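Here's the structure, in structure tokens; my notes come after.
There are 2 protein chains.
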Amino acid sequence: MANRSDTKTRILDAAEKLFAERGFSETSLRLITSKAEVNLASVNYHFGSKKELIRAVLARYLDVFMPVASAEIVKLQNSDETASLNDIFSALVEPLLDLNQLRTEGTRTFLQLLGRGYIESQGHLRWFITTHYGEHLTLFVKAVADSAPHIPPAEMFWRLHFTLGTVVFTMASADALTEIAAADFNEHNDIEAVIRKVIPYLSAGVSVPVN
Amino acid sequence: MANRSDTKTRILDAAEKLFAERGFSETSLRLITSKAEVNLASVNYHFGSKKELIRAVLARYLDVFMPVASAEIVKLQNSDETASLNDIFSALVEPLLDLNQLRTEGTRTFLQLLGRGYIESQGHLRWFITTHYGEHLTLFVKAVADSAPHIPPAEMFWRLHFTLGTVVFTMASADALTEIAAADFNEHNDIEAVIRKVIPYLSAGVSVPVN
DNA sequence: CTCTATTTAAAACACTCGTTTAAATTAAAC
DNA sequence: GTTTAATTTAAACGAGTGTTTTAAATAGAG
Chain V
1 MANRSDTKTR
11 ILDAAEKLFA
21 ERGFSETSLR
31 LITSKAEVNL
41 ASVNYHFGSK
51 KELIRAVLAR
61 YLDVFMPVAS
71 AEIVKLQNSD
81 ETASLNDIFS
91 ALVEPLLDLN
101 QLRTEGTRTF
111 LQLLGRGYIE
121 SQGHLRWFIT
131 THYGEHLTLF
141 VKAVADSAPH
151 IPPAEMFWRL
161 HFTLGTVVFT
171 MASADALTEI
181 AAADFNEHND
191 IEAVIRKVIP
201 YLSAGVSVPV
211 N
Chain B
1 MANRSDTKTR
11 ILDAAEKLFA
21 ERGFSETSLR
31 LITSKAEVNL
41 ASVNYHFGSK
51 KELIRAVLAR
61 YLDVFMPVAS
71 AEIVKLQNSD
81 ETASLNDIFS
91 ALVEPLLDLN
101 QLRTEGTRTF
111 LQLLGRGYIE
121 SQGHLRWFIT
131 THYGEHLTLF
141 VKAVADSAPH
151 IPPAEMFWRL
161 HFTLGTVVFT
171 MASADALTEI
181 AAADFNEHND
191 IEAVIRKVIP
201 YLSAGVSVPV
211 N
């Protein structure tokens, strides 16, 4: 049933790398299959369509990340009744870095894919994520809201989207930014360093009093 | 030399609307010319290429906005030696809202175009903006740095890009977000309301002490 | 009016894209 | 070993893209 190293996996590996680097619509199936050294038609044979390939690429990460992240949040809530925003965001760091054990540059790739997804998606990806992982998302949103009770729900809605924008944009352009930082400031940041830089920024913004 | 209402202007008007709504690469010249009710070839005749059309669309806003914004920053620095971050960000609000007098929904369109540009651009737009408006950008960056002297330059570099991400992402998805906010919280925000919501968020994040 | 330069128009070009088809190959089942 | 199913291959399809070309229409100047 399987040959040398599984065509399906070869496609997924090549696709996630290219999607993260260049975005979904800017990456053609021909480029993916040539990098993966498989036939063009095998994408449609194994995945049905490009859209389903995109979803499969993201699902391979989300299926691992989401349950672990949720568990960390729950663990935090049980151990500390008054967890700060910093604590909640920080609880996500380990699950994120665990993805580096899944695949090399896994954390960076996952975050970049997420960024591309939210930026490019015309709906099918947003729908896919909310229907498949909605419970984890609401758990996280509730945790954030509880730890900043002085922020009204409507205001929190906007601030969480500001936060999403920060993360998504930073990760989508993380490669370029780390390069510039290395050249201009001699700062050599890996993805973990960037994550740890952004957390206090986000916490401060989300929890700043209104008016 | 000109006929009814200038083909060139009709193209620019149709293009900026579609670019802001759907992004640059997702908007075809055929869609633009059909909405503008001009011939397809007139785009290449008047602008040379699609890339140059994109730059022309952005330049029409930047040429107005950048000098006014710079002047506001300078005015603020002259009147108040210790301007806060909130003051600096707020100084940009009026120049932004002035764009609504330039064209209907001018502010929203401009910010969405900026967002699309920074998200999609593979370099030609980033190059265009920094070479044509670089002096204004450095003036702004310096103003921000001066009003948060406790933040090291390298850290400030990252925080300004976090900020850019927040603004760009929020504006690129502003239409969808205002719709959701109206449905879920009965909050009817125009673009000015969103701008005023985001400023304290940004100020808090940029100026939060390190460690 | 006539001539010239500018602008518009319709069509074709050359290319890329995702997808499909049908034959060839490989693997599994009996 | 034969048969059956799963997979890979090469080729073509049909639709869409930005751009170019060539001719027609329109404007302004003398």
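Chains as they are written, first to last, in UniProt numbering: chain V, 1 to 211; chain B, 1 to 211.
Where is the CB? At the ideal position from N, CA and C, for every residue including glycine.
The structure displayed is predicted, hence computed values, not measured ones.
Is there a Cβ from chain V that is less than 8 angstroms from the Cβ of residue i?
| i | result |
| --- | --- |
| B:Thr138 | no |
| B:Glu81 | no |
| B:Gly106 | no |
| B:Gly205 | yes |
| B:Phe19 | no |
Tell me the rounded alpha-carbon separation between residue i and residue j.
| i | j | result |
| --- | --- | --- |
| V:Val144 | V:Leu85 | 6 angstroms |
| B:Ser49 | V:Arg103 | 41 angstroms |
| V:Leu96 | V:Phe65 | 7 angstroms |
| V:Glu37 | V:Ala181 | 35 angstroms |
| B:Pro149 | B:Thr82 | 11 angstroms |
| V:Phe169 | B:Phe162 | 8 angstroms |
| V:Asn44 | V:Glu120 | 22 angstroms |
| B:Val141 | B:Glu155 | 13 angstroms |
| B:Phe185 | B:Asp175 | 15 angstroms |
| B:Leu204 | V:Ser207 | Correcting the residue identity first, residue 204 of chain B is Ala in this sequence and not Leu. When rounded, the distance between both Cα atoms is 9 angstroms. |
| V:Ser79 | V:Glu135 | 21 angstroms |
| V:Phe153 | V:Ser34 | Residue 153 of chain V is actually Pro in this sequence, not Phe. Taking the straight line from one Cα to the other gives about 48 angstroms. |
| V:Ala20 | V:Asp13 | 11 angstroms |
| B:Ala2 | V:Tyr61 | With a pLDDT of only 43 at B:Ala2, under 50, the local geometry of the prediction cannot be trusted, and no value is derived from it. |
| B:Arg30 | B:Ile11 | 11 angstroms |
| B:Gly23 | B:Arg196 | 25 angstroms |
| B:Thr166 | B:Lys8 | 33 angstroms |
| V:Arg159 | V:Leu202 | 9 angstroms |
| B:Glu72 | B:Ser147 | 15 angstroms |
Between residue i and chain B, is any beta-carbon pair separated by less than 8 angstroms?
| i | result |
| --- | --- |
| V:Asn3 | Low confidence applies here, because V:Asn3 scores a pLDDT of 48, under 50, leaving its location unreliable; read the following figure in that light. Chain B contact via Cβ: absent. |
| V:Val198 | yes |
| V:Val208 | yes |
| V:Leu202 | yes |
In chain order, what residues of the same chain lie with their CB nearer than 6 angstroms to the CB of residue i, ignoring the 5 residues before and after it?
| i | result |
| --- | --- |
| V:Leu92 | Ala69 |
| residue 219 of chain V | Nothing can be reported for residue 219 of chain V, as the shown portion of chain V is limited to 1 through 211. |
| B:Leu111 | Met171 |
| V:Tyr118 | Val168 |
| V:Arg4 | Residue confidence is low: V:Arg4 scores 44 on pLDDT, short of 50, so the model does not pin down where it sits. No coordinate-derived value is stated. |
Using a cut-off of 8 angstroms between C-beta atoms, extract the partners of residue i located in chain B.
| i | result |
| --- | --- |
| V:Ser25 | Ser25, Glu26 |
| V:Ala181 | Ala154, Phe157, Trp158 |
| V:Glu187 | Ala154 |
Name, please, each residue of chain V whose Cβ falls closer than 7 angstroms to the Cβ of residue i.
| i | result |
| --- | --- |
| B:His161 | Thr170, Leu177 |
| B:Thr166 | Phe162, Gly165, Thr166 |
Report all residues from its chain with a CB closer than 7 angstroms to the CB of residue i; omit the five preceding and five following residues, and keep chain order.
| i | result |
| --- | --- |
| V:Asp98 | Val68 |
| V:Ala15 | Ile32, Leu53, Val57 |
| V:Gln51 | The amino acid at residue 51 of chain V is misidentified as Gln; the sequence shows Lys. His124. |
| V:Ser209 | In the sequence as displayed, the identity of residue 209 of chain V is Pro instead of Ser. The answer, listed in chain order, is His150. |
| V:Glu187 | Ala181 |
Cβ closer than 8 angstroms: which chain V residues qualify as neighbours of residue i?
| i | result |
| --- | --- |
| B:Leu119 | Contrary to the premise, residue 119 of chain B reads as Ile rather than Leu in this sequence. Chain V residues near B:Ile119: Ile119, Phe169, Ala172. |
Along chain B, which residues have their Cβ under 9 angstroms away from the Cβ of residue i?
| i | result |
| --- | --- |
| V:Leu92 | Within 9 angstroms Cβ-Cβ: nothing; V:Leu92 doesn't reach chain B, min ~16 angstroms. |
| V:Gly48 | What V:Gly48 touches in chain B: nothing, since even the nearest Cβ is about 23 angstroms away. |
Using a Cβ-Cβ cutoff of less than 8 angstroms, which residues in the same chain neighbour residue i once the five nearest sequence positions on both sides are dropped?
| i | result |
| --- | --- |
| V:Ile199 | Asn86, Phe89, Ser90, Val93 |
| V:Leu177 | Thr170, Val194 |
| V:Ser25 | Glu120 |
> Which full runs of the alpha helix (DSSP H) of 4+ residues lie inside the region 18 to 53 of chain B, going along the chain?
Replying inline: Taking only runs of at least 4 residues, the alpha helix (DSSP H) segments lying wholly in the region 18 to 53 of chain B are 29 to 36, 41 to 47.
> In the region 128 to 202 of chain B, which residue ranges form an unbroken alpha helix (DSSP H) of at least 4 residues, counting only runs that do not cross its ends?
Replying inline: List check, alpha helix (DSSP H) in window: 153 to 172, 174 to 185.
>> Extract the residue ranges of the alpha helix (DSSP H) inside the region 89 to 118 of chain V, only unbroken runs of 4 or more that lie entirely within it.
In response: Taken in chain order, the complete alpha helix (DSSP H) segments of 4 residues or longer contained in the region 89 to 118 of chain V are 93 to 102.
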